[in-house]
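K.L.:
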Amino acid sequence: MYAFLKGIIADKGQNEVVIDVGGVGYQLSCSMTTLQEIPPVGESMKLYTYLSVREDAMELFGFATKEEKSMYLRLLSVSGIGPKVALSILGSMPLRDLTLAIVTGDITALSRAPGVGKKTAQRLALELKEKVDQSDLESVPQGGGSFTPIQEDAASEALAALQALGYTPAEAAKAISQVRGQSDSANELVRLALRNMAGF
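Counting in the numbering used here, the sequence shown tops out at residue 200, every number present.
#1: Out of Thr168, Leu126, Leu100, Gly91, which has the shortest C-alpha to C-alpha gap to Gln178?
#2: Beta-carbon within less than 7 Å of Val78's beta-carbon, same chain only, minus the 5 sequence neighbours each way: which residues are those?
#3: Can you tell which of Ile102, Asn187, Gly91 has the C-alpha that lies nearest to the C-alpha of Gly115?
#4: From the DSSP output, in three-state form, read off Ser168 for me.
#5: Return the chain-ordered list of same chain residues with a C-beta closer than 6 Å to the C-beta of Lys6, the five sequence neighbours on each side being excluded.
#6: Using DSSP with H/G/I as helix, E/B as strand and the rest coil, what is Thr33?
#7: What beta strand (DSSP E) runs, 3 residues minimum, are completely inside the segment 24 to 82?
#8: What number of angstroms, rounded off, separates the C-alpha of Ser105 from the C-alpha of Gly22?
#9: For Val116, does the three-state DSSP call read helix, strand or coil?
#10: Quick check on Arg54: buried or exposed, where buried means 16 or more other Cβ atoms within 10 Å of its Cβ?
#11: Closest by CA to Val132, which one among Arg74, Leu51, Tyr48?
#12: Hey, Tyr48 and Phe4: beta-carbon distance below 8 Å or not?
#13: For Gly203, is the classification buried or exposed, using 16 other Cβ atoms within 10 angstroms of its Cβ as the cut-off for buried?
#14: I'd like to confirm the pairing. Which residues does DSSP put opposite Lys129 in its beta bridges?
#15: Give the C-beta separation of Ala172 and Gln182 to the nearest angstrom, bearing in mind that I take them to be a contact with Cβ-Cβ under 8 Å.
#16: Check the C-beta distance from Ala175 over to Met197 and give it rounded, since I have them as a contact under 8 Å.
#17: Can you list, in chain order, the residues of its chain with a C-beta nearer than 8 Å to that of Pro39? Leave out the 5 residues immediately preceding and following it.
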């Protein structure tokens, strides 16, 4: 119903923001990731939105980027994941790390989100693995994540290099996730990943 709202930030809370659009204040629930992107009160911003309609409530959710909204909708498609839990998952780690955790089936990382146990994390990885791939990793904006910019670029280059060698996006992502943080060099990450896959 609402694709996005563009207006003046009227108020900010711990989990929500009020945006003034033409004199009407819209209250949107947001992830921690989006809240960090909200400018000071009085400044303008565009927020992508999702309207949740239930028997007992209607609630608007706001997202700083299209990519975050897209991931939110995918999370909602998983059985047992409601609007609030999906939002807490989004805010539990940078979007790039969340995408990587789904692609690689990293249950430990996924289960760190509030309200997500091991079984729910397994269901998340299972149901979303086919819906998330390398192109999603590439579409997530750089920065604002747990990697330094150098590490982020190196990981992306290493992923592309492994795929050029014939590995699938999922295989490449899993291999890089096991060695990320060990080097800031794409070539070194590829070398370490290949050694791991070879069993050395």
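Even for Gly, the Cβ is constructed at its ideal location relative to N, Cα and C.
P.N.:
Quick answer:
#1: Locating residue 178 in the sequence shown gives position 178, where the first residue counts as 1. Ranking the options by Cα distance to Gln178, first place goes to Leu100.
#2: The sequence position of residue 78 within the sequence shown is 78, counting from 1. Same-chain partners within the cutoff: Arg123, Leu124, Glu127, Leu128.
#3: By one-based count along the sequence shown, residue 115 stands at place 115. Selected option, being the one with the closest Cα: Gly91.
#4: Here residue 168 corresponds to residue number 168 of the sequence shown, with the count starting at 1. The amino acid occupying residue 168 in the given sequence is Thr; Ser does not appear at that position. The answer is coil: DSSP assigns Thr168 none of H, G, I, E or B.
#5: Along the sequence shown, one-based indexing puts residue 6 at 6. So the qualifying residues of the chain are Lys46.
#6: As a working mapping, residue 33 is identified with position 33 in the sequence shown. If DSSP states are grouped into helix, strand and coil, Thr33 belongs with the helices.
#7: 24 to 30, 44 to 53, 58 to 63
#8: Working through the sequence shown from its first residue, we reach residue 105 at position 105. Working through the sequence shown from its first residue, we reach residue 22 at position 22. What sits at residue 105 in the sequence shown is Gly, not Ser. Cα-Cα distance, rounded: 44 Å.
#9: Within the sequence shown, residue 116 is the residue found at index 116, counting from 1. The answer is coil: DSSP assigns Val116 none of H, G, I, E or B.
#10: To locate residue 54, count along the sequence shown from 1; it is residue 54. With fewer than 16 Cβ atoms within 10 Å of its Cβ, Arg54 is classed as exposed.
#11: Counting from one through the sequence shown, the residue named residue 132 turns up at place 132. Comparing Cα-Cα distances from Val132 to each of Arg74, Leu51, Tyr48, the minimum goes to Arg74.
#12: As a working mapping, residue 48 is identified with position 48 in the sequence shown. As a working mapping, residue 4 is identified with position 4 in the sequence shown. Yes; because the gap between Cβ atoms is below 8 Å, this pair is in contact.
#13: Outside the modelled stretch of the chain, which goes from 1 to 200, sits residue 203, for which no answer is possible.
#14: Indexing the sequence shown from 1 puts residue 129 at position 129. BP columns for Lys129 are empty, so no partner.
#15: Residue numbering aside, residue 172 sits at position 172 when the sequence shown is read from its first letter. Residue numbering aside, residue 182 sits at position 182 when the sequence shown is read from its first letter. At roughly 16 Å, the Cβ-Cβ gap does not stay under 8 Å, so Ala172 and Gln182 are not in contact.
#16: Mapped onto the sequence shown, residue 175 falls at position 175. Mapped onto the sequence shown, residue 197 falls at position 197. 6 Å between Cβ atoms; contact.
#17: Your numbering for residue 39 matches position 39 in the sequence shown. The residues are Ile9, Met45.
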